[in-house]
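See structure below.
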């Protein structure tokens, strides 16, 4: 057979790039082409020096259903952004174009709906009590007010006068001022029109249902200050063609429990959008889609928050402010978070939520009593958490008289009497355990982390108090934390999880609650030991430097204090290692809390690990290899969390800068010790040392940290308390080696 002429030969087809179902994490971050080879892809095999190994995350595998869902969200977000742009254009040129009916509804909702606005909003003549706690209406009817006024107020005195006249009895107002509670206030929040309700539906029902369901599954059972049945009954009315105006079967003063705070209330819609914004943080969506969807819900909630927050509050308002506080924890706005929680706490005090006696509870249902307890204790819990993260004083630390919520489910709250304790595990167990744990946290913050500014100013001493003086407190609360651990219910106790019945073990909610409780427990131990740890590091470094350079002996703590402090310092590092391991294990799984808490835990533990590398007794006890392994685990955990927020990457970069700073110090000092043969004899009383001559990188001072090592000091990723404990150890300008 003769070969075909060249012109008749078939043209070679261009080679198509092979499509792969899943790219490795490193190629995804580098946006490079991955060949999908396992266990190590070709791209990563050429980069043998890269810090993170080649890994495949099945969460990134393509899912047609999810892709379709994401496309729907993208289309809806684009539509909403176009509407928002049109509204802005109309605001600048109101006569240029006439908005359509939908846009007009959104615009009116933003301008006319006032969050918590009342029918007699700005009429001082109709306000019964002025800002000085005096009643301007000199009659018994003028005492009708749901707000709380203590026994020192003029309102309480007026009520005392009337009770004396009417009853003929001289009754003394109780210290809690419970006599100042009376009938409900006649003013009510305005309700949204039908047009406003249509404008409030930002996404389709399927999207909203799925997002709200994520809130109930991932967030609610960690912070159960709402009543799910009441809220869902009001939510379902949003989709009814002609919903009734009546309240639910069992009315309550919380969100969704009445027509006042039901589906037509601006308060309800603000809370709903905050719940949706929080839920998006837990959804399996690409970062840009998740952030866009979160922004849509958050902006809507913000538009409904155009309110004078000094007006009368309510239980529903407090619940909404607690949701706002939770959401603001995920944002770079620490002051907004702090102020929002402060308003919630003040409103809770104004409503007397911390007081419970027959006079205040006789007219309340079991549902209302439990919601008041849950709301108050949620304020106390978040007060401790936000105070810890921002390093600010606690507001509600001394309020401990209100009983904890009952161990009953949401459905049982419809009963008239308190049911007996449940025979098996329920979701509220976790809330009770968290409240007990955060009571210990508040005590630790008040004793070890809140100094007396006046005393500090008078003495001229800006350093923190010597924590060795608080060893008795640390040991006492170490026992309290151990006692707390011993009473944790079996279904929440991490060491007993494997012995649970299969039916209980399979409940994802209990797995998440157990995981969250464990990291909170470990972080609490780190927080308790941390002042002793940093003070011990300070003492060791100061002593070594003075011994090497000064003829005068350095005053030091007693041998007993040091011998007690070393195990506590080691316990701080050990707890930090365990905390890092747990964050690494759970941070990207379904059994975890919010990413911003995991970021906070990893950052704190990582800084403890890095600091311990320059403290010889700690390194000797734990070994440098184990510390380096813990640091590597911390890096890996933070790298895996970058998909949640850009803040994680900035945090990781700051820690890596600190690590490089420490490595440079150790390397530089090792070279100096070899060149100069500097040696120092450690006194026999110093912990972790024997009577022998030693030299090493712990003998000279640490160069001060650059002020910009962590970026902008106002960045929420690096709150003051976290960086300050490094300054406590390394800020010794008088000890620098020239």
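In our numbering, the protein residues as written are -8 to 729.
Beta carbons: idealized from backbone N, C-alpha and C, even for Gly.
Asked                                                                                                     : Found
Under 8 Å between C-beta atoms of residue 645 and residue 625                                             : no
Sufficient close CB pairs (3 or more, under 8 Å) joining the segment 584 to 603 to the segment 613 to 629 : yes
Buried or exposed (CB count within 10 angstroms, at least 16 for buried), residue 580                     : exposed
Same chain, Cβ closer than 6 Å to residue 363, five either side skipped, listed in chain order            : 344
Short Cβ contact (8 Å threshold) for residue 310 with residue 217                                         : yes
Residue 562 - containing alpha helix (DSSP H), residue span                                               : 550 to 577
DSSP three-state assignment for residue 256, whether helix, strand or coil                                : strand
C-alpha distance - residue 503 paired with residue 38, whole-angstrom precision                           : 37 Å
Close Cβ partners of residue 565 (< 8 Å) along its chain, the five nearest in sequence each way excluded  : 613
Candidates 516, 28, 486, 229, of which the one nearest residue 467 by Cα                                  : 516
Cβ neighbour criterion (16 or more within 10 Å) applied to residue 209                                    : buried
Simplified DSSP assignment, three categories, for residue 10                                              : coil
Residue 419 to residue 203 span [Cα, whole Å]                                                             : 20 Å
Residue 230 vs residue 219 beta-carbon contact at 8 Å                                                     : no
Inter-residue CB distance, residue 284 and residue 271 (contact presumed, cutoff 8 Å)                     : 5 Å
Selection from 287, 306, 312 that minimises the alpha carbon distance to residue 296                      : 312
Helix, strand or coil at residue 740 [DSSP, three-state]                                                  : With the chain running from -8 to 729 in the structure shown, residue 740 is simply not present.
For residue 34, three-class secondary structure by DSSP                                                   : helix
Among 286, 383, 355, 304, nearest to residue 326 - alpha-carbon criterion                                 : 383
Environment of residue 386 [buried if 16+ CB atoms lie within 10 Å]                                       : buried
Rounded separation between residue 367 and residue 24 - CA only                                           : 53 Å
Endpoints, the alpha helix (DSSP H) within which residue 369 is located                                   : 357 to 381
Status (buried if at least 16 other CB within 10 Å, exposed otherwise) for residue 602                    : buried
Buried/exposed call for residue 321, threshold 16 Cβ in 10 Å                                              : buried
Straight-line Cα distance separating residue 370 from residue 498                                         : 28 Å
N-terminal and C-terminal residue of the alpha helix (DSSP H) that residue 617 is part of                 : 615 to 631
Whole-angstrom C-beta distance between residue 306 and residue 245, which should lie under 8 Å            : 5 Å
As assigned by DSSP and simplified to three states, the class of residue 68                               : helix
Rounded Cβ spacing between residue 438 and residue 464 (contact assumed at less than 8 Å)                 : 6 Å
Separation of residue 405 from residue 47, as counted between CA atoms                                    : 48 Å
Buried/exposed call for residue 389, threshold 16 Cβ in 10 Å                                              : exposed
Option in 274, 315, 416 with minimal Cα separation from residue 373                                       : 315
Proximity to residue 475 [Cα-Cα], best of 15, 623, 428                                                    : 428
Contacting residues, own chain, Cβ-Cβ under 7 Å from residue 336 (five flanking each side not counted)    : 370, 374, 386, 387
Of the listed residues 223, 460, 44, 196, nearest to residue 29 (C-alpha basis)                           : 44
Simplified DSSP state of residue 530, which is helix, strand or coil                                      : helix
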